[in-house]
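Notes for the one structure printed next.
Encoded structure:
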């Protein structure tokens with residue numbers, strides 16, 4: 312598929328991922344909020360890695376944002392973050408090699424996405440959550 316025929320949501324997901332790389336988490340969260348609902352129920356398998364990474368990063372930004380909120384809003388963000396993490400894992404994030412590769416700040420302690428999530432400091436605030 313050439314760049315010109317890609318669905319618009321692909322470019323938006325890539326842009327949100329780019330904002331994560333620039334540590335612009337609030338902006339990334341706003342873009343994820345808008346673009347994730349646009350992903351079709353059965354997207355082209357070519358986009359599976361992009362989608363599962365986006366849901367993982369969305370979970371990260373939601374959980375990080377939750378620590379700045381009062382209890383009600385905090386719980387809602389945690390719930391949404393855990394739901395996004397589940398989608399990412401259901402799409403195979405946990406079973407694949409760590410997607411961060413050489414840029415991974417937790418190397419070499421882990422190899423898979425599931426192991427990455429287990430040490431990702433973005434989730435420190437919810438480690439005790441039984442879900």
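Numbering (our numbering), first residue to last: 312 to 442.
All C-beta atoms in this analysis are idealised placements derived from N, C-alpha and C, irrespective of residue type, glycine included.
Check	Outcome
I believe residue 350 touches residue 362 by the beta-carbon criterion, under 8 angstroms. Please report the beta-carbon distance rounded to the nearest angstrom.	6 angstroms
Going by DSSP, name the residue or residues bridged to residue 423.	408
Among 402, 383, 441, 422, which residue has its Cα nearest to the Cα of residue 356?	402
How far does the alpha helix (DSSP H) with residue 374 in it extend, from its first residue to its last?	359 to 377
DSSP three-state label for residue 325, please.	helix
My guess is that residue 423 and residue 408 are in contact by the Cβ rule of under 8 angstroms, so how many angstroms apart are they, rounded?	6 angstroms
Can you tell me which of the three DSSP states residue 335 falls into?	coil
Can you look up residue 348 in the DSSP assignment and give me helix, strand or coil?	helix
Does DSSP put residue 388 in a helix, a strand or coil?	helix
Residue 437 and residue 389 look like a contact to me (Cβ under 8 angstroms); what is the Cβ gap, rounded to whole Å?	6 angstroms
Can you find the residues in the same chain that come closer than 6 angstroms, C-beta to C-beta, to residue 367, ignoring five residues on each side of it along the sequence?	399, 404
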